[in-house]
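186 is the number of the first residue of the sequence shown in the numbering used here; add one for each residue after it. Cβ coordinates follow ideal geometry from the N, Cα and C atoms, glycine included. On a predicted model such as this, the values are computed, not experimentally measured, just so you know. See structure below.
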Amino acid sequence: MSALDRVLVGAAVAVSPAAHRAARREQWLADVRDAHELDLSPTALAFGAFTTALFHRRAGHRSTWGDTMTALPTPVRSAPHTIRTVPVLVALAVVSLLVEGAWLILQPNYGYESASDRVLGITGTWSLVFFVPGAAIALAALTLRTGARRRRLGASMIVAAAVGGALQPILTPPTSLPIALVPVVLALAGWLVAARAARWTWVLLVLPVAVFALQWAGVLYPLVPVRWSPFLVTLPHLAIVLAGAVASRFSTDAPAVVGAHGEALVDKTV
186 MSALDRVLVG AAVAVSPAAH RAARREQWLA DVRDAHELDL SPTALAFGAF
236 TTALFHRRAG HRSTWGDTMT ALPTPVRSAP HTIRTVPVLV ALAVVSLLVE
286 GAWLILQPNY GYESASDRVL GITGTWSLVF FVPGAAIALA ALTLRTGARR
336 RRLGASMIVA AAVGGALQPI LTPPTSLPIA LVPVVLALAG WLVAARAARW
386 TWVLLVLPVA VFALQWAGVL YPLVPVRWSP FLVTLPHLAI VLAGAVASRF
436 STDAPAVVGA HGEALVDKTV
């Protein structure tokens, strides 16, 4: 169990109703600890516990996961938690990218900003375009139902893309070459690796590359009103999310066979 898993379970217990914290702490820690025995991602279980506790705080809520695990053996993909972790994290990344457009609109006009305005603007842009989406998608990659080595490699590539995208304007000299395209390609490649996507889905790398090329050439800006042009900044990143979602539909990860299990893996008394 990693430190991140412990933090997520601790946060899940903290936001749970007080009467159920002790039982949930004991059971969730046990589930995460034994996740590898069921070929599940411990991080997926830990984040699933957190999202379930966050969105299902009423005591009357009952999880259906235990019923799934005690059903007859059936070729199904293992469903480790009630709240689907990956869609929640991907939605967070998309919202962050969309908010970036509004953030740019709120910035002072060029030449009229103060030094503090400039620092705040750059920090907000880095956070909304790179750090928040990068962290969300990397965590989503870690919670996929694929091999642990693939998940870690893919997540590392996504983190490298996010950090590289933020630092690229600082570390690279001014050039007419589209160097900013490298983190875009690296991020999607990381997701394809983590998701164990089918080989043909690698052609989807063309989608963010094409969107980036259109943006780089200035083709898209005359097509929208000037007041909406800031929202075009994150189009290549949104194209990454779209391509990754399509590729995930064609994962080559083999389905798991879920057999009889004597005890539900989620506390059904709360």
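Quick check on the DSSP output: the alpha helix (DSSP H) that includes Val284 runs from which residue to which? Within the sequence shown, the letter at position 99 stands for residue 284. Segment Thr270 to Leu291, the alpha helix (DSSP H) holding Val284.
Taking DSSP as the reference, what is the three-state secondary structure of Ser433? For the purposes of this step, residue 433 is taken as the residue at position 248 of the sequence shown. In this structure, Ser433 counts as helix in the three-state DSSP scheme.
Looking only at its chain, what residues have a beta carbon closer than 8 Å to the beta carbon of Leu189, apart from the 5 residues adjacent to it on each side? In the sequence shown, the residue the question calls residue 189 occupies position 4. If we look at Leu189 and ignore the five residues flanking it on each side, its Cβ neighbours are Thr228 and Ala231.
Assuming Leu324 and Leu282 are in contact, meaning their beta carbons sit under 8 Å apart, how far apart are those beta carbons, in whole angstroms? Within the sequence shown, residue 324 is the residue found at index 139, counting from 1. Within the sequence shown, residue 282 is the residue found at index 97, counting from 1. The C-beta distance from Leu324 to Leu282 rounds to 16 Å, too long to meet the 8 Å contact threshold.
Unbroken alpha helix (DSSP H) run spanning Trp213, endpoints: Position 28 of the sequence shown, counted from the first residue, corresponds to residue 213. Element bounds for Trp213: Arg206 to Arg218.
Just verifying my parser: in three-state terms, what is the DSSP assignment at Ala382? Reading the sequence shown from its first residue, position 197 is the one you call residue 382. In this structure, Ala382 counts as strand in the three-state DSSP scheme.
Identify whether Ser201 lies in helix, strand or coil by the three-state DSSP scheme. Along the sequence shown, one-based indexing puts residue 201 at 16. Three-state DSSP puts Ser201 in coil, outside helix and strand.
From this set, Ala365, Thr237 and Val284, which residue's C-alpha is nearest Leu352's C-alpha? Within the sequence shown, the letter at position 167 stands for residue 352. Closest in alpha carbon position to Leu352, among Ala365, Thr237 and Val284, is Ala365.
By the three-class DSSP mapping on this structure, what secondary structure does Asp302 have? Numbered from 1 along the sequence shown, position 117 holds the residue referred to as residue 302. DSSP places Asp302 in helix when its eight states are reduced to three.
Quick one: using the 10 Å Cβ neighbour count with 16 as the cut-off for buried, is Leu377 buried or exposed? Position 192 of the sequence shown, counting from 1, holds the residue named residue 377. Counting Cβ neighbours within 10 Å, Leu377 comes out buried, since at least 16 surround it.
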